[in-house]
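A.B. asks: With our numbering, you'll find the sequence shown wraps up at 631, consecutive numbering, no jumps.
Beta carbons: idealized from backbone N, C-alpha and C, even for Gly.
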Amino acid sequence: MELFSIRIQRTFQLVSTSVTFFSKKYTMKKLKIQVEGNYLIMQDLPHNCIFNKVVTGCGGTTIALTNTENYIIAVPTTELIENKCYPPKDKNSNNTIWEISMKKAGLSPIRNLFGLYGRFTPLLKKELEDYLSRDGVKKIMCTYDKIPALIPLITPTEYRLLVDEYHSLIKIYSYRKDAVDGVLDNFNKFKSFCFMSATPIDAAFKPNVLQDVEEYVADWEKTEPLMIVPYKTNKPYMLAANIIATYQRQGYIEKGTFKSYEAYFFINSVKEIKKILMQTNLTNEDCRIICADEYKNRKTLGKFKISTSTDTPKKFNFITSKSFEGVDFYSETGICYVISNVYNKHTLLSIDMDIPQIAGRIRNIDNPFRNLVVHIFNTRPTDLFGSYEDVKAETEKDFEYAKERAALFNQLSKGAKQQQIQELSKLSYLKYNEDKEEFAINDMAIKIELFNYKLMNYIYNSQKSLVNEYEKAGMQHSKVEWIETDNFIKKAVTKPTFLEVFNEYVSMQYSFDFEARQAIEQEYPFIRDALARLGIEQVKKLRSKKKVIETLNMLKETDRNIDMSILQQLKSLFKIGDFVPAKDLRSIAKQFGLKKATDLSKWLDLREDTKRIEGKVTKGYWISAFSDI
3 MELFSIRIQR TFQLVSTSVT FFSKKYTMKK LKIQVEGNYL IMQDLPHNCI FNKVVTGCGG
63 TTIALTNTEN YIIAVPTTEL IENKCYPPKD KNSNNTIWEI SMKKAGLSPI RNLFGLYGRF
123 TPLLKKELED YLSRDGVKKI MCTYDKIPAL IPLITPTEYR LLVDEYHSLI KIYSYRKDAV
183 DGVLDNFNKF KSFCFMSATP IDAAFKPNVL QDVEEYVADW EKTEPLMIVP YKTNKPYMLA
243 ANIIATYQRQ GYIEKGTFKS YEAYFFINSV KEIKKILMQT NLTNEDCRII CADEYKNRKT
303 LGKFKISTST DTPKKFNFIT SKSFEGVDFY SETGICYVIS NVYNKHTLLS IDMDIPQIAG
363 RIRNIDNPFR NLVVHIFNTR PTDLFGSYED VKAETEKDFE YAKERAALFN QLSKGAKQQQ
423 IQELSKLSYL KYNEDKEEFA INDMAIKIEL FNYKLMNYIY NSQKSLVNEY EKAGMQHSKV
483 EWIETDNFIK KAVTKPTFLE VFNEYVSMQY SFDFEARQAI EQEYPFIRDA LARLGIEQVK
543 KLRSKKKVIE TLNMLKETDR NIDMSILQQL KSLFKIGDFV PAKDLRSIAK QFGLKKATDL
603 SKWLDLREDT KRIEGKVTKG YWISAFSDI
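(1) Can you look up Leu533 in the DSSP assignment and give me helix, strand or coil?
(2) From the DSSP output, in three-state form, read off Ala442 for me.
(3) What residue range does the beta strand (DSSP E) around Arg162 cover?
(4) Could you have a look at Phe318 and say whether DSSP puts it in helix, strand or coil?
(5) Spell out the partners DSSP gives His377 in its beta bridges.
(6) Would a C-beta distance cut-off of 8 Å place Tyr623 and Val582 closer than the cut-off?
(7) Which of the three DSSP states is assigned to Tyr74 in this structure?
(8) Would you kindly report the start and end of the unbroken beta strand (DSSP E) that includes Glu216?
(9) Use the C-beta contact count for Val619: other C-beta atoms within 10 angstroms, 16 or more gives buried, fewer gives exposed.
(10) Among Ile278, Val272 and Thr282, whose alpha-carbon lies nearest the alpha-carbon of Lys298?
(11) In the DSSP assignment, find the alpha helix (DSSP H) that holds Cys87 and state where it starts and stops.
(12) Under 8 Å between the Cβ atoms of Leu578 and Ser626?
(13) Below 7 Å CB to CB, which residues in the same chain sit around Pro202 once its five sequence neighbours on both sides are set aside?
(14) Taking just the CA atoms, how far does Leu109 sit from Leu115?
(15) So, do the segment 225–242 and the segment 372–384 have three or more beta carbon pairs nearer to each other than 8 Å?
(16) Pop quiz: Val165 and Phe197 are said to be a contact at Cβ under 8 Å. What is the actual Cβ separation, rounded to whole angstroms?
(17) Glu451 by DSSP, collapsed to three states: which one?
(18) Straight-line CA distance for Leu596 to Glu539?
(19) Looking at the structure shown, is Glu616 part of a helix, part of a strand, or coil, going by DSSP?
(20) Roughly how many whole angstroms lie between the Cα atoms of Lys261 and Tyr239?
(21) Closer than 8 Å by C-beta to Ile360: which residues in its own chain qualify, once you throw out the five before and the five after it? Chain order, please.
(22) Quick check: the Cα distance between Thr248 and Tyr263, rounded to an integer number of angstroms?
(23) If you follow the beta strand (DSSP E) that Glu101 is in, where does it begin and where does it stop?
(24) Taking the DSSP output, what are the residues bridged to Asn435?
(25) When DSSP labels each residue in this structure, what does Tyr345 get in the three-state scheme?
(26) For Met44, does the three-state DSSP call read helix, strand or coil?
(27) Who does Ala243 pair with in a DSSP beta bridge?
(28) Tell whether a beta-carbon distance below 8 Å holds between Asp85 and Ser323.
(29) By the DSSP assignment, the alpha helix (DSSP H) with Tyr512 in it spans what residues?
(30) Reducing DSSP to helix, strand and coil, say where Leu284 ends up.
(31) Mind checking who Pro583 pairs with in its DSSP beta bridge?
(32) What's the call for Ile99, buried or exposed, on a 16-neighbour Cβ count within 10 Å?
(33) Hey, out of Lys573, Lys34 and Phe576, whose CA is closest to Lys224's CA?
(34) Taking Lys621 and Ala584 to be in contact with their CB atoms under 8 Å, please state how far apart those CB atoms are, rounded to whole angstroms.
(35) Does the Cβ of Gln511 have 16 or more other Cβ atoms within 10 Å, making it buried, or fewer, making it exposed?
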């Protein structure tokens with residue numbers, strides 16, 4: 003295992019930056035901002051632009067939600083909408099518990115915000131129409147896919163459009179093409195538009211339709227440093243399980259003078275989450291799993307329940323891409339852990355977009371680990387793939403060939419065009435524009451192909467590649483500074499000796515940390531007997547787990563021999579069916595070092611009763627059977 007750390011200081015150069023891709027050029031302009039604490043103070047977001055807000059969780063979305071402008075806020079996931087319609091904190095920062103039955107699409111019960119997601123049913127449409135008919139400012143938050151359905155119900159020129167977390171357009175295109183196309187085909191129809199993200203799309207992958215759109219970058223005078231601790235291991239899920247075991251055993255993980263009592267695992271695979279759960283003794287009381295609530299996931303998780311970001315936090319929180327962006331989590335001591343497995347492509351997160359987003363999910367300013375991300379990953383054993391530059395060159399050739407096909411197809415008759423449209427499913431580099439009745443290049447298909455190739459076959463191909471990507475991600479809009487390796491994770495996952503665990507267990511005997519004690523007893527089922535029968539000093543002399551077990555087994559064998567001896571003696575004194583006065587049985591028990599007659603129940607099956615003996619009612623016991631020692 004290898005451990006190293008990167009410190010990324012988010013500060014901006016004073017010069018504009020120009021980037022070229024496929025002969026397109028754009029310039030990022032600095033935007034003067036007002037800040038209070040870590041939050042933006044603005045009357046409105048900039049118009050008709052891409053807005054790089056730089057800092058996650060700085061209140062950019064809140065500006066659109068609370069100002070006096072009519073706004074459509076388009077987001078990639080339903081979780082983001084529920085997080086705003088049903089926030090986990092009230093206005094006084096008190097925890098708010100929302101039952102699952104309370105959370106549904108429609109008007110938020112606590113703010114002027116209409117959440118549009120899921121099935122667009124006639125009832126939901128009616129509720130939306132009622133909301134639109136009211137006086138006052140309108141705020142509608144919808145998933146990307148709802149933009150085309152929403153436009154006929156409103157006058158778009160009366161609404162500003164915020165495409166929030168717009169970097170998701172490239173990430174989700176391969177499996178939500180229609181949703182992304184719906185945004186890119188319609189954003190110009192609104193009064194204004196703003197594509198906003200703290201982690202904007204790299205120039206190489208930016209949609210062509212946005213190439214000429216002005217790009218602004220927020221000019222923060224000072225930002226908090228982001229600490230990345232990449233940790234290479236052969237089995238990421240096992241390391242995650244070991245981290246959980248440490249939390250269970252100690253109750254916390256320690257970094258310097260600070261202690262973390264909660265863990266947030268960001269892992270975009272329910273199957274990988276289940277692997278981790280199978281290596282631990284977690285229950286639904288211990289953990290919260292935030293993923294899509296669908297049959298496939300419910301089947302995979304079995305007894306484990308699916309939760310949402312607004313549900314009560316647990317000691318261990320597992321989060322899929324459903325809540326990587328825009329969702330607020332609250333924890334005084336939680337640490338963010340990212341788990342990536344090269345053999346499960348869904349878990350490979352982009353360094354320039356996903357990681358900074360995750361780093362901003364915990365919102366508690368006083369949390370000492372707020373800007374810390376531990377990235378646990380593995381790499382491929384060999385380089386089996388071509389270089390990214392070679393693949394890019396081949397893709398650019400395909401891009402030119404697609405242009406030729408588009409020009410050729412556009413010369414076809416209307417009937418021939420219709421035939422060709424049927425073939426487009428096989429030609430992902432082309433698309434058909436219904437309004438213009440012509441074929442065009444599907445640049446998103448090309449760029450997602452390059453994006454995925456780079457992510458899956460280059461970045462995680464080696465430790466060096468990953469480190470280089472962290473450096474480049476920082477260089478794009480930050481300063482990267484190498485610092486001394488922090489080995490707190492290595493210490494945390496290094497299994498303590500049995501004697502260290504025993505000393506910790508002894509110190510817990512009069513504490514109320516029952517969870518930590520139970521975790522130790524589950525790992526060492528004999529430890530309670532060791533403390534009771536051997537005592538602290540003898541265990542310390544024996545030191546090792548092996549010697550303690552051997553000594554306990556010797557004692558058990560001695561106990562068994564003694565038990566057999568007592569049983570034989572009792573068989574010589576009694577037979578089944580005898581009635582023995584309580585006084586006599588008590589006297590026999592004392593001969594064996596026992597206090598009460600009933601202490602003989604280990605060897606004898608006793609039934610309490612009375613019997614007349616010599617005319618007197620006498621208390622005693624019937625011997626029903628001899629125990630099987």
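C.D. replies: On the basis of the coordinates in this document:
(1) Taking the sequence shown and counting its residues from 1, one reaches residue 533 at position 531. Leu533: helix per DSSP, three-state reduction.
(2) Start at 1 with the first residue of the sequence shown, and residue 442 comes out as number 440. Shown here, Ala442 sits in a strand according to DSSP, grouped into three states.
(3) Your numbering for residue 162 matches position 160 in the sequence shown. Start and end: Arg162 to Asp166.
(4) For the purposes of this step, residue 318 is taken as the residue at position 316 of the sequence shown. Assigned with DSSP and collapsed to three states, Phe318 falls in strand.
(5) For the purposes of this step, residue 377 is taken as residue 375 along the sequence shown, with counting starting at 1. In the DSSP output, where bridge partners are listed per residue, His377 has Pro232 and Val340.
(6) The residue you call residue 623 lines up with position 621 of the sequence shown. The residue you call residue 582 lines up with position 580 of the sequence shown. It is a contact, given that the beta carbons lie within the stated cut-off.
(7) On the sequence shown, position 72 is the one that residue 74 refers to. It should be noted that the sequence gives Ile, not Tyr, for residue 74. Ile74 falls in the strand class under three-state DSSP.
(8) As a working mapping, residue 216 is identified with position 214 in the sequence shown. Going by DSSP, Glu216 is part of the beta strand (DSSP E) stretching over Glu216 to Ala220.
(9) Here residue 619 corresponds to residue number 617 of the sequence shown, with the count starting at 1. Here Val619 is exposed. Its C-beta has fewer than 16 other C-beta atoms within 10 Å.
(10) One-based indexing of the sequence shown puts residue 298 at position 296. For Lys298, the nearest C-alpha among the options comes from Val272.
(11) One-based indexing of the sequence shown puts residue 87 at position 85. That run of the alpha helix (DSSP H) goes Thr80 to Cys87.
(12) As a working note, residue 578 is residue 576 in the sequence shown. As a working note, residue 626 is residue 624 in the sequence shown. Looking at the sequence provided, one finds Ile at residue 578 rather than Leu. Yes; because the gap between Cβ atoms is below 8 Å, this pair is in contact.
(13) In the sequence shown, counting from the first residue as 1, residue 202 sits at position 200. Counting only Cβ-Cβ distances below 7 Å, and skipping sequence neighbours, we find Ile52, Asn54 and His169.
(14) Taking the first residue of the sequence shown as position 1, residue 115 is located at position 113. Taking the first residue of the sequence shown as position 1, residue 109 is located at position 107. One C-alpha to the other measures close to 6 Å.
(15) Because the criterion of three Cβ pairs below 8 Å is met, the segment 225–242 and the segment 372–384 touch.
(16) Here residue 165 refers to the residue found at position 163 when the sequence shown is read from its first residue. Here residue 197 refers to the residue found at position 195 when the sequence shown is read from its first residue. Contact annotation, Val165 with Phe197: C-beta distance approximately 5 Å; criterion of less than 8 Å satisfied.
(17) Translated into the one-based positions of the sequence shown, residue 451 becomes position 449. Helix at Glu451.
(18) To locate residue 596, count along the sequence shown from 1; it is residue 594. To locate residue 539, count along the sequence shown from 1; it is residue 537. Roughly 27 Å separates the two Cα atoms.
(19) The residue you call residue 616 lines up with position 614 of the sequence shown. For Glu616, the secondary structure class from DSSP, reduced to helix, strand or coil, is coil.
(20) Stepping through the sequence shown from its first residue, residue 261 is reached at position 259. Stepping through the sequence shown from its first residue, residue 239 is reached at position 237. Lys261 and Tyr239 have their C-alpha atoms roughly 23 Å apart.
(21) The residue labelled residue 360 in the question sits at position 358 within the sequence shown. Answer for Ile360: Phe268, Phe326, Cys338, Val340, Leu351 and Val375, listed in chain order.
(22) For this step, residue 248 is matched to residue 246 along the sequence shown. For this step, residue 263 is matched to residue 261 along the sequence shown. For Thr248 and Tyr263, the distance between alpha carbons rounds to 11 Å.
(23) Working through the sequence shown from its first residue, we reach residue 101 at position 99. Counting along the chain, Glu101 falls outside any beta strand (DSSP E), and DSSP gives it neither H nor E.
(24) Within the sequence shown, residue 435 is the residue found at index 433, counting from 1. Bridge partners of Asn435: Glu440.
(25) To locate residue 345, count along the sequence shown from 1; it is residue 343. Here Tyr345 carries a coil assignment [DSSP, helix/strand/coil].
(26) Along the sequence shown, read from residue 1 onward, the residue named residue 44 stands at position 42. It is coil, neither helix nor strand.
(27) Within the sequence shown, the letter at position 241 stands for residue 243. Ala243 pairs with nothing; no bridge assigned.
(28) For the purposes of this step, residue 85 is taken as residue 83 along the sequence shown, with counting starting at 1. For the purposes of this step, residue 323 is taken as residue 321 along the sequence shown, with counting starting at 1. According to the sequence displayed, residue 85 carries Asn and not Asp. Contact flag unset, no.
(29) Here residue 512 corresponds to residue number 510 of the sequence shown, with the count starting at 1. Taken as a continuous stretch (DSSP letters only), Tyr512 belongs to no alpha helix (DSSP H), as it is neither H nor E.
(30) Reading the sequence shown from its first residue, position 282 is the one you call residue 284. Taken through DSSP and simplified to helix, strand or coil, Leu284 comes out as coil.
(31) Numbered from its first residue, the sequence shown carries residue 583 at position 581. Bridge partners of Pro583: Gly622.
(32) What you label residue 99 is simply residue 97 of the sequence shown in a count that begins at 1. Counting Cβ neighbours within 10 Å, Ile99 comes out exposed, since fewer than 16 surround it.
(33) One-based indexing of the sequence shown puts residue 224 at position 222. Ranking Lys573, Lys34 and Phe576 by Cα distance to Lys224 puts Lys34 first.
(34) On the sequence shown, residue 621 is found 619 positions in, with the first residue counted as 1. On the sequence shown, residue 584 is found 582 positions in, with the first residue counted as 1. About 5 Å separates the beta carbon of Lys621 from that of Ala584, a gap short enough to meet the 8 Å contact definition.
(35) Translated into positions along the sequence shown, residue 511 becomes position 509. With fewer than 16 other Cβ atoms within 10 Å, it is exposed.
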